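Asker: Here it is: the structure, laid out below.
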Amino acid sequence: MARFHRLRVAAVDRLTEDAVALTLDIPPDLREEYRHTPGQHLALRRTEDGREIRRTYSICSPAPAPDGAGPRHLRVGVRLVAGGAFSTYAMKQVEPGDFLEVMTPAGSFTLEPAPGRYAAVVGGSGITPVLSIATTLLERAPDARFCLIRSDRTAASTMFLEEAADLKDRFPDRFQLVTVLSREDIQTGLPSGRLDRERLAGLLPALLPVARVDGWFLCGPYGLIRSAERALRGLGVRRSRIHAEIFRVDSAPAPSDSSEGAAPGPARGTVTARLDGRSGTWPVRDGESLLEAVLRNRPDAPYACKGGVCGTCRAYLVAGDVRMDRNFALEREETEAGYVLACQSHPVTERVELDFDR
Ligand code: FES
């Protein structure tokens, strides 16, 4: 069950003009709770002018070995979003020694280290979870290989430049790095221009044996992920080998920052929810999501973006039927197995039952 704890900021490192990495101290008694699978994220919470704000940031540090102690520190990457309440606060105000409210790790865009060949196509801050995935894999699976294709605007705006170069130095035979800059002039010597579907369809087979890649990890803005998915499908890659995490959905409505203020329409059914071992049944008002209905009664229900992007509100649909507005977080296997995003779900049947613990 996801929980918030106050964690001390150990370091704030400036990565680029508009991005920082926050390193958080994990006290010994919480290290098991903050053990993460590479690729997961942390939701950070703060209250500003009486409003609660939550945002998720991916963990970039490698995951500890399962038979060792939990992590002493976790590091997340934060990129400034224009008008973003949390990213502006993180960039301009957070200092070492401050305390932040941090949820335990969540997210299913993950890779448990295993022998094989893996590849990623990332854009901008999409490097963050993939850095954790690649580092953990190369450190823990001696025969595994990883190919990282990253797209950024300019070299100066590229996050974790040194960390990626470091992987190349440490694992020269098993780590392949290709950087494409969309706005850089030709003098850098790096490939430039946009990574669209046609370009990827030509580039990927030239870089690696596409059919022999065990897992593809796509992370970044919506447009890049859709282009990469189409390119891979066109090259014959099975859908089950493609994992995607969208960082930004340009057409998305702004996520709501608080559960307060939900328009109270007439009740149109009930939701029964199991959360942290306790269950309750409550009315669902017309137009509200199942998450909003649960939050009015159980403020500890897990969520972060409320926009169908982060997957923090994932729950198992035990009974009834729902309609999801949108889903950029759950993989097809998860929806087929019965999981839904509570923040996007509206009841189709009079009674719906969710299990957040499963
Ligand atoms: S809270 Fe992020 S997908 Fe539902």
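Numbering (our numbering), first residue to last: 506 to 863. Don't be surprised by glycine CBs; every beta carbon is placed ideally from N, CA and C. Please read all numbers here as calculations on a predicted model, not as lab measurements.
Can you name, in chain order, every residue of its own chain whose Cβ lies under 6 Å from the Cβ of P618, other than the five neighbours on each side?
Answerer: Closer than 6 Å at the Cβ level, and outside the excluded window around P618, lie T641, L642, R645, A646.
Asker: Beta-carbon separation of V525 and L605 under 8 Å?
Answerer: Going by C-beta atoms, V525 is not nearer than 8 Å to L605.
Asker: Which same chain residues end up closer than 7 Å to V845 when comparing Cβ atoms and leaving out the 5 residues on each side of it in sequence?
Answerer: Around V845: A820, L822, V827, M829.
Asker: Within 10 angstroms of the Cβ of D661, are there 16 or more other Cβ atoms? Answer buried if so, exposed if not.
Answerer: Before going on, a small fix: residue 661 reads as Ala here, not Asp. By the neighbour-count rule (16 or more Cβ atoms within 10 Å), A661 is not buried but exposed.
Asker: Is the beta carbon of H541 closer than 8 Å to that of P610?
Answerer: Result yes, Cβ atoms of P610 and H541 sit closer than 8 Å.
Asker: Taking 8 Å as the threshold, find out whether the region 596–603 comes into contact with the region 542–559 through three or more Cβ pairs.
Answerer: Judged by Cβ distances under 8 Å, the region 596–603 makes no contact with the region 542–559, as fewer than three pairs qualify.
Asker: Tell me which residues share the same chain as V626 and place their Cβ nearer than 6 Å to its Cβ, disregarding the 5 neighbours each side in the sequence.
Answerer: The answer, listed in chain order, is I654, L723, A733.
Asker: Report the rounded CA-to-CA distance for A824 versus E538, giving the unit in angstroms.
Answerer: Cα to Cα, A824 sits roughly 30 Å from E538.
Asker: Could you work out which residue in R511, T521, G774 is closest to L535 when comparing CA atoms only?
Answerer: Looking at the Cα atoms, R511 is the closest of the given residues.
Asker: Which residue or residues does DSSP assign as beta-bridge partners of M829?
Answerer: The partner list for M829 (beta bridge, DSSP) reads S850.
Asker: At a cut-off of 7 Å, would you count T817 as near the ligand FES, judging by its Cβ distance to the nearest heavy atom?
Answerer: Indeed, a heavy atom of the ligand FES lies less than 7 Å from the Cβ.
Asker: Look at the alpha carbon of R790 and the alpha carbon of V857, and state the distance between them as a whole number of angstroms.
Answerer: Roughly 13 Å separates the two Cα atoms.
Asker: Take W721 as the anchor and find which of G728, R743, S630 has the nearest alpha-carbon.
Answerer: If we check each option's Cα against that of W721, R743 comes out closest.
Asker: Return the CA-CA distance between A757 and A716, expressed in angstroms with no decimal places.
Answerer: Low local confidence applies: a pLDDT of 45 at A757 is under 50, so the model's placement there is unreliable, with the coordinate-based value given in what follows. Rounded to the nearest angstrom, the two C-alpha atoms are 34 Å apart.
Asker: State the DSSP-derived secondary structure class of E537, mapped to helix, strand or coil.
Answerer: Looking at E537 - three-state DSSP - the assignment turns out to be coil, as it is neither helix nor strand.
Asker: What would DSSP say about A516, mapped onto helix, strand or coil?
Answerer: In this structure, A516 counts as strand in the three-state DSSP scheme.
Asker: Please report the straight-line C-alpha distance between A574 and P533, rounded to a whole angstrom.
Answerer: Answer to the nearest angstrom: the Cα atoms are 9 Å apart.
Asker: By Cβ distance below 6 Å, which residues in the same chain neighbour Q681 in space, the five residues on each side in sequence not counted?
Answerer: For Q681, where only same-chain residues beyond five positions count, the Cβ hits under 6 Å are C652.
Asker: DSSP state of P760, grouped into three classes?
Answerer: Because the pLDDT of P760 is 43, which lies under 50, any placement of that residue in the model is unreliable, and the question is left without a value.
Asker: Under a three-way DSSP split, which group does G544 fall into?
Answerer: Three-state DSSP puts G544 in coil, outside helix and strand.
Asker: Pull up the distance between the alpha-carbon of R658 and that of F752, whole angstroms please.
Answerer: Their Cα atoms are separated by approximately 16 Å.
Asker: Does T561 pass the burial test, meaning 16 or more other C-beta atoms within 10 Å, or should it be called exposed?
Answerer: Flag for T561 reads buried.
Asker: Can you tell me whether Y808 sits near the ligand FES, meaning its C-beta is under 7 Å from at least one heavy atom of the ligand?
Answerer: Checking every heavy atom of the ligand FES against the Cβ of Y808, one is found closer than 7 Å.
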